[in-house]
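Asks: Heads up: the sequence shown begins at 29 in this note's numbering, then just goes up one per residue. Ideal placement from N, C-alpha and C gives every residue a C-beta, glycine not left out.
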Amino acid sequence: RGYPLGALVEAALIGVLLAQRSLYEHVAAVGVALDVGGLPAGRAAVSRIVGRDPMSLDAHGVARAAIESLAENFSDGVVAPVFWYLLLGLPGLFAYKMANTLDSMIGHRTPRYRSFGWAAACLDDLLNLLPARISGLLLVGAAVFAKKGRPDRALVIMLRDARKHRSPNAGWPESAMAGALGLALAGPRRYQEGRVADPWLGEGSARAGTSDIVGALHLYRLACLIEGGLVMGAWLAAHLTLLA
Numbered sequence: 029r030g031y032p033l034g035a036l037v038e039a040a041l042i043g044v045l046l047a048q049r050s051l052y053e054h055v056a057a058v059g060v061a062l063d064v065g066g067l068p069a070g071r072a073a074v075s076r077i078v079g080r081d082p083m084s085l086d087a088h089g090v091a092r093a094a095i096e097s098l099a100e101n102f103s104d105g106v107v108a109p110v111f112w113y114l115l116l117g118l119p120g121l122f123a124y125k126m127a128n129t130l131d132s133m134i135g136h137r138t139p140r141y142r143s144f145g146w147a148a149a150c151l152d153d154l155l156n157l158l159p160a161r162i163s164g165l166l167l168v169g170a171a172v173f174a175k176k177g178r179p180d181r182a183l184v185i186m187l188r189d190a191r192k193h194r195s196p197n198a199g200w201p202e203s204a205m206a207g208a209l210g211l212a213l214a215g216p217r218r219y220q221e222g223r224v225a226d227p228w229l230g231e232g233s234a235r236a237g238t239s240d241i242v243g244a245l246h247l248y249r250l251a252c253l254i255e256g257g258l259v260m261g262a263w264l265a266a267h268l269t270l271l272a
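1. Of all the options Met260, Ala148 and Ala47, which has the alpha carbon lying nearest to the alpha carbon of Asp131?
2. From Val259, Leu268, Met133 and Leu264, pick the residue whose C-alpha is nearest to that of Trp112; which is it?
3. Straight-line CA distance for Leu121 to Ile185?
4. If you draw a straight line from the alpha carbon of Leu270 to that of Leu264, how long is it in whole angstroms?
5. Using C-beta distances below 7 Å, list every residue in its chain close to Ala236, excluding the 5 sequence neighbours before and after it, in chain order.
6. Three or more C-beta pairs closer than 8 Å, one from the segment 66-78 and one from the segment 169-185: is that the case here?
7. Exposed or buried, which one is Arg76 when buried takes at least 16 other CB atoms within 10 Å?
8. Suppose you measure from the CA of Gly243 to the CA of Pro82; what does that come to, to the nearest Å?
9. Mind checking Leu209: buried by the 16 CB within 10 Å criterion, or exposed?
10. When DSSP builds the beta bridges, which residues end up paired with Val224?
11. Does the separation of the CB atoms of Trp228 and Ala214 fall below 8 Å?
12. Return the CA-CA distance between Gly105 and Pro216, expressed in angstroms with no decimal places.
13. Consult DSSP for Arg80 and reduce its assignment to one of helix, strand or coil.
14. With H, G and I counted as helix, E and B as strand and the rest as coil, what does DSSP make of Leu85?
15. Kindly give me the distance between the Cβ atoms of Ile254 and Leu166, rounded to whole angstroms, as I take these residues to be in contact under 8 Å.
16. On the DSSP letters alone, give me the boundaries of the alpha helix (DSSP H) that Ala244 sits inside.
17. Taking 6 Å as the limit between beta carbons, can you name the residues of its chain near Gly177, skipping five residues before and five after?
18. Distance check for Cys252 and Asn101, CA to CA, integer angstroms please.
19. May I ask you to report which of helix, strand or coil DSSP gives Ser233?
20. Which residues in the same chain as Ala198 place their Cβ atom closer than 6 Å to its Cβ, once the five residues preceding and following it in sequence are excluded?
21. Buried or exposed, going by whether 16 or more other CB atoms sit within 10 Å of the CB of Val58?
22. Under the rule that 16 or more other beta-carbon atoms within 10 Å means buried, what is Ser203, buried or exposed?
23. Can you check whether the CB of Leu85 is closer than 8 Å to the CB of Ala127?
Here it is, written out as structure tokens:
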């Protein structure tokens with residue numbers, strides 16, 4: 029009788045793990061493409077994970093875009109699903125995934141979608157308010173264990189710069205990543221609908237390279253491990269409380 033529910037839980041957890049792996053592989057592919065195929069290959073690889081105009085990017089811009097995508101999607105695709113599952117169970121997880129999928133499909137600030145996509149975008153922003161901030165803190169924690177991580181700068185820059193981002197949520201993991209790696213992320217960039225003159229997050233160099241992608245992926249792995257450890261700890265604590 030409990031088997032169908034157990035199967036649903038297992039499927040949900042497998043989905044989160046696959047999302048972790050898929051994100052890692054897509055971002056790693058950008059670094060490999062830049063190293064092996066140069067700028068044209070890097071542009072082609074990064075165009076699969078970001079919405080900005082790849083032809084406007086130099087090699088540093090390609091690397092920054094990959095790192096920014098890694099940070100933002102760590103929040104949207106890894107932390108938020110787990111957060112809503114822990115809070116509301118499978119209904120919370122599925123509701124979040126539906127809202128997030130709608131946002132990715134129609135939540136764009138373009139004339140085509142503005143009239144009916146704003147609701148999806150606002151709902152997704154609301155559901156990610158807490159997960160985004162947790163994601164930033166997880167990346168700060170990951171920087172503690174990274175060989176060249178800068179946890180102090182990650183925390184300071186996250187608290188200082190997160191609200192500069194046009195998104196109420198993406199700035200938290202992105203600015204934490206910028207501080208941890210000693211980079212400047214975000215900034216002016218071009219999308220298909222036009223150029224945006226956003227401020228920079230962080231105070232390091234904007235000349236990101238493939239070594240910075242490797243560093244970002246290392247932080248991502250560590251942050252995923254920390255998240256997994258915290259979830260396991262919470263699960264054990266809850267079960268021990270029930271047994272007491």
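Replies: The structure says:
1. Ala148
2. Val259
3. 31 Å
4. 10 Å
5. Annotation for Ala236: His88, Ala91, Arg92, Ile95 and Leu211 place their beta carbon closer than 7 Å to its own, counting only its chain and skipping 5 residues before and after.
6. no
7. Counting Cβ neighbours within 10 Å, Arg76 comes out exposed, since fewer than 16 surround it.
8. 22 Å
9. buried
10. DSSP, once it has assigned bridges, lists Arg217 as partnering Val224.
11. Yes, these two residues count as a Cβ contact at 8 Å.
12. 25 Å
13. strand
14. Collapsing the DSSP output to three states places Leu85 in coil.
15. About 6 Å separates the Cβ atoms of Ile254 and Leu166, confirming a contact at the 8 Å cut-off.
16. Thr238 to Leu271
17. Ala171 and Ala208
18. 12 Å
19. strand
20. Glu100
21. buried
22. buried
23. no
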